[in-house]
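Each residue of the sequence shown is one higher than the last, beginning at 4 in the numbering used here. Even for Gly, the Cβ is constructed at its ideal location relative to N, Cα and C. Please read all numbers here as calculations on a predicted model, not as lab measurements.
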Amino acid sequence: MRPTTRRGPSRAQVSSLLLAVKAAVLASVLALTVTTGMAASGSTTPDARPPAMAMDYSTQAVQRVMAEHNCSSTGFAPGTQPDSALVRTTGGRLRIVSFDRGWDVFTGRRPGLLVAVCLDPRATP
Numbered sequence: 004m005r006p007t008t009r010r011g012p013s014r015a016q017v018s019s020l021l022l023a024v025k026a027a028v029l030a031s032v033l034a035l036t037v038t039t040g041m042a043a044s045g046s047t048t049p050d051a052r053p054p055a056m057a058m059d060y061s062t063q064a065v066q067r068v069m070a071e072h073n074c075s076s077t078g079f080a081p082g083t084q085p086d087s088a089l090v091r092t093t094g095g096r097l098r099i100v101s102f103d104r105g106w107d108v109f110t111g112r113r114p115g116l117l118v119a120v121c122l123d124p125r126a127t128p
């Protein structure tokens, strides 16, 4: 009988290669995480606004109305009651409406999209 000759890599070589691949993947994930974290923490401040040139006209209009009426798309501190709401109609127009009407839009009882809630009272037409 002829001795069996092994073709291909040995178990030790496969284990070493697998360990090297795992280490490379782990290093890549760590480098990506650190790089992303550094970029995110270094480029924004709490009061930073996106550059106006990067926003389209619709976004600028929403930001302007929100600033004028003291609106927030994420809500206010507990115990703070909004007086009005910013709603986008089915026709695409922005409207400042009463908080109750904004709530009806939010719950689906009225058509439209609730964009934000506001602290300023709704302006009378």
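Sequence-distant residues of its chain with Cβ nearer than 6 Å to residue i (five each side left out)
i: A55; result: In this prediction, A55 scores a pLDDT of 49, lower than 50, which makes its location untrustworthy; no coordinate-derived value is stated.
Beta-carbon gap between residue i and residue j smaller than 8 Å
i: D123; j: F102; result: no
i: V100; j: A88; result: yes
i: A125; j: R113; result: Inspection of the sequence shows that residue 125 is occupied by Arg rather than by Ala. No; because the gap between Cβ atoms is not below 8 Å, this pair is not in contact.
Close beta carbons around residue i, own chain, < 7 Å, minus the five adjacent residues each side
i: R91; result: L97, G115, L116, V118
i: S61; result: none
Residues near residue i by beta carbon distance below 8 Å, same chain, minus five either side
i: P128; result: Bear in mind that the predicted position of P128 carries a pLDDT of just 48, short of 50, making it too unreliable to give a figure here.
i: D107; result: R113
Where the beta strand (DSSP E) through residue i begins and ends
i: G91; result: Sequence check: residue 91 is Arg here, not Gly. Element bounds for R91: 87–91.
i: A80; result: Run containing A80: none; DSSP gives neither H nor E here.
i: L117; result: 116–121
Start and end residues, alpha helix (DSSP H) containing residue i
i: R104; result: 102–110
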